[in-house]
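Chemist: Heads up, the sequence shown is in our numbering, so the first residue is 4 and it goes up one at a time. Ideal Cβ placement from N, Cα and C applies to all residues, glycine included. First the structure, then my questions, so here it is.
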Amino acid sequence: MTTIASTPQFALTDDQREVRAMVREFADRRIAPHAAEWDRGHTFDRSLYAELAELGLMGVCVPVELGGAGMDFLSYVLAVEELSRADAGVGVTLAVHTSASTLPILHWGTEEQQAEWVPPLARGERIGAFALTESGSGSDAGAMRSTALEGDDGSFRISGTKQWITNGGHAGSFITFARSEPGTTDASGVSCFLVAGDAPGLSVGRVEEKMGLNSSNTVDMVYDGVAVTARDLLGDRAKGFRIAMQTLDGGRITIAAQALGIAQAAFDLAAAYAAERHTFGKAIGSHQGVAFKLADMSVEIEAARALTYRAAALKLAGQPHTVEGAQAKLFASGVARRVTGEAIQVLGGYGYSKEFPAERYYRDAKITEIYEGTSEIQRLVIARKLLGLDVR
Ligand code: CAA
């Protein structure tokens with residue numbers, strides 16, 4: 004296991020600082036002023052993603068020759084953190100589009116697949132989605148029931164319903180997992196396919212009504228005999244589950260960054276309020292009860308940031324990061340829940356009111372302990388690797 008002592012240096016480069024400043028300025032100006040209204044209206048603002056594309060963010064760590072901005076993975080993590088500080092729904096939209104939809108094609112796609120699928124994603128003409136989860140297989144992802152039945156001509160027909168699909172209603176391409184090996188019931192029979200959003204037989208089912216992240220889109224996707232050819236197979240046949248797992252190894256780092264952004268927003272709000280609000284003749288931040296709370300919040304956030312950037316630095320350096328990504332997500336998501344709860348406490352009644360964003364931060368934070376693997380699954384991933392045991 005990598006400890007902090009053996010971690011590559013992750014002081015930000017000038018380029019990374021520039022990306023962070025650019026995204027922060029954009030998020031403060033273009034996103035934060037609308038976040039409450041998008042939350043109330045459950046509004047997915049498609050035009051925003053065209054603007055993010057103009058900034059290079061829809062292809063942030065995609066090579067320039069494939070239409071991307073050619074930035075590195077840590078720059079992308081910083082972008083998700085800053086976007087999530089303004090609106091966590093926007094943060095997850097970019098995170099799923101990039102980590103779970105674009106990067107797998109870059110990693111496992113043939114040159115032909117990369118040339119066909121990556122540029123429209125990198126230029127923001129298409130939004131990407133990742134179709135793994137089903138109603139009966141969330142944590143036990145390998146138990147999926149969707150099938151990819153092989154025809155005589157070597158093509159496949161995908162049938163089944165995928166649930167909790169972030170971006171699904173707006174996506175132009177789906178990384179899709181289905182059981183291609185009849186007779187199997189576990190991870191060993193799963194293949195991964197590239198499916199276009201306009202493929203005949205693919206449709207949006209139920210639109211999920213969520214507790215938070217209302218500016219992001221979450222739907223069921225129905226696959227009714229969707230035809231794909233062997234050319235649309237990503238990676239080797241029956242090796243799709245490994246693609247899902249390795250994709251999530253990286254994706255979890257960006258969910259940690261999303262949690263970090265939410266926690267930072269909640270801290271900033273609480274700290275500003277504590278300086279303004281007076282009780283018993285002084286600012287509430289001058290009372291130890293509030294000051295110590297804010298001090299503890301800052302420590303947790305900084306620790307989560309260190310774990311998150313460490314995991315990103317390992318991935319950037321091409322080193323193993325399964326454990327470190329899971330550690331970062333496990334810790335940062337807990338920090339987001341605790342810090343947003345404490346921010347409400349500092350604001351008191353105003354924290355519970357929709358007049359302030361504290362309650363939105365709290366609602367948005369909770370999902371980071373659930374998606375891209377629950378906190379319990381992160382513990383399982385960490386324990387299995389560290390102990391070398393088949394922990395279940
Ligand atoms: N990297 C590469 N390969 C891996 C791997 C990894 N990190 N983890 C497992 N594998 C491989 C194993 O080596 C094994 O391969 P072989 O059979 O060839 O040896 C194969 O995958 C199966 O592994 P396991 O036996 O460990 O699989 P399992 O069925 O016990 O499941 C699990 C393991 C960790 C519990 C996994 O099911 C899991 O991660 N579950 C959570 C799913 C999840 O995170 N879903 C998120 C949905 S996407 C989302 O939320 C996006 C969004 O909208 C924000």
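Look at the alpha carbon of GLY376 and the alpha carbon of ARG255, and state the distance between them as a whole number of angstroms.
Modeler: For GLY376 and ARG255, the distance between alpha carbons rounds to 8 angstroms.
Chemist: Please give me, in chain order, every unbroken run of the alpha helix (DSSP H) with length at least 4 that falls completely inside the segment 82 to 148.
Modeler: Counting whole runs of 4 or more residues, the segment 82 to 148 contains the alpha helix (DSSP H) stretches 91 to 98, 106 to 111, 114 to 125.
Chemist: Here's a check: name, in chain order, each residue in its chain whose Cβ is nearer than 8 angstroms to the Cβ of ALA346, leaving out the five neighbours to either side.
Modeler: Hits under 8 angstroms: ALA269, PHE270, LEU272, ALA273, MET300, GLY354, ALA361, TYR364, TYR365.
Chemist: Could you tell me how far apart the beta carbons of ILE287 and THR343 are, in whole angstroms, since I believe they sit closer than 8 angstroms?
Modeler: Not really, about 18 angstroms apart at Cβ, beyond 8 angstroms.
Chemist: Alpha helix (DSSP H) containing MET248: first to last residue?
Modeler: First-last of the alpha helix (DSSP H) with MET248: 243 to 279.
Chemist: Which class does THR221 belong to by DSSP, given the choice of helix, strand or coil?
Modeler: Strand, per DSSP.
Chemist: Under 7 angstroms: does the beta carbon of LEU390 sit that close to some heavy atom of the ligand CAA?
Modeler: LEU390: no, Cβ never under 7 angstroms from the ligand CAA.
Chemist: Following the continuous alpha helix (DSSP H) through LEU389, name the residue where it begins and the one where it ends.
Modeler: Start and end: 378 to 390.
Chemist: For ARG395, does the three-state DSSP call read helix, strand or coil?
Modeler: In this structure, ARG395 counts as coil in the three-state DSSP scheme.
Chemist: Indicate the three-state DSSP secondary structure (helix, strand or coil) for LYS296 in the structure shown.
Modeler: Helix, per DSSP.
Chemist: Quick test of your reading: MET25 and LEU55, contact by CB under 8 angstroms. State the CB separation rounded to the nearest angstrom.
Modeler: Not a contact, Cβ separation roughly 11 angstroms.
Chemist: CB of ARG397 to nearest heavy atom of the ligand CAA: below 7 angstroms?
Modeler: Residue 397 lies beyond the residue range present for the chain, which begins at 4 and ends at 395; the question has no answer from this structure.
Chemist: What are the boundary residues of the beta strand (DSSP E) that includes THR164?
Modeler: Note, THR164: beta strand (DSSP E), 159 to 169.
Chemist: Nearest-angstrom Cα distance between MET224 and ASP18?
Modeler: Whole-angstrom Cα-Cα distance: 38 angstroms.
Chemist: Regarding ASP143 and the ligand CAA, is the C-beta to nearest heavy atom distance less than 7 angstroms?
Modeler: Yes, since a heavy atom of the ligand CAA falls inside the 7 angstroms radius drawn around the Cβ of ASP143.
Chemist: Mapping DSSP to helix, strand and coil, what is SER336?
Modeler: If DSSP states are grouped into helix, strand and coil, SER336 belongs with the helices.
Chemist: To which residues of the same chain is THR311 closer than 7 angstroms at the C-beta, ignoring the five residues directly before and after it?
Modeler: Hits under 7 angstroms: VAL80, ILE256, ALA259, ALA260, LEU263, ALA331, ALA335.
Chemist: Whose C-alpha, out of LYS388, LEU51, LYS213, is nearest the C-alpha of GLY328?
Modeler: Of the candidates LYS388, LEU51, LYS213, the one whose C-alpha sits nearest the C-alpha of GLY328 is LYS388.
Chemist: In the structure shown, what three-state DSSP assignment does ARG240 receive?
Modeler: ARG240 falls in the coil class under three-state DSSP.
Chemist: When you compare only the Cα positions, how much space is there between THR250 and PHE244?
Modeler: Roughly 10 angstroms between the two C-alpha positions.
Chemist: So what does VAL210 bridge to, in DSSP terms?
Modeler: Partner(s): VAL222.
Chemist: Can you list, in chain order, the residues of its chain whose CB lies under 8 angstroms from that of GLY253, leaving out five sequence neighbours each side?
Modeler: Excluding positions up to five away in sequence, the list reads PHE76, SER102, LEU106, LYS318, HIS324, GLY328.
Chemist: Tell me the rounded alpha-carbon separation between ALA134 and HIS100.
Modeler: If you take the alpha carbons of ALA134 and HIS100, they lie about 12 angstroms apart.
Chemist: When you compare the CB positions of ALA3 and VAL349, do they come within less than 8 angstroms of one another, or not?
Modeler: What is shown of the chain runs 4 to 395, which leaves residue 3 out entirely.
Chemist: Relative to the C-alpha of MET248, which residue among VAL65, MET214, CYS195, GLY200 is closest?
Modeler: Here the closest residue by C-alpha is CYS195.
Chemist: Report yes if the C-beta of TRP3 is less than 7 angstroms from at least one heavy atom of the ligand CAA; otherwise report no.
Modeler: The requested residue 3 does not occur in the structure, where the chain is confined to residues 4 to 395.
Chemist: State buried or exposed for GLN381, treating a residue as buried only when at least 16 other CB atoms are found within 10 Å of its CB.
Modeler: Classification of GLN381: buried, given that the 10 Å Cβ count is 16 or more.
Chemist: Tell me which residues share the same chain as GLY131 and place their Cβ nearer than 8 angstroms to its Cβ, disregarding the 5 neighbours each side in the sequence.
Modeler: VAL99, HIS100, THR101, ALA103, SER104, THR105, LEU124, ASN170, ALA174, GLY175, SER176, PHE177, ILE178.
Chemist: Alpha helix (DSSP H) containing LEU55: first to last residue?
Modeler: Here the alpha helix (DSSP H) through LEU55 covers 49 to 57.
Chemist: Does the contact criterion of 3 or more C-beta pairs under 8 angstroms hold for the segment 38 to 52 versus the segment 212 to 226?
Modeler: Verdict: yes, contact present.
Chemist: Just to confirm my understanding: we take VAL293, look at its own chain, exclude 5 residues before and 5 after, and list those with CB closer than 8 angstroms. What are they?
Modeler: So the list reads ALA277, ILE287, VAL349, once near-sequence residues are dropped.
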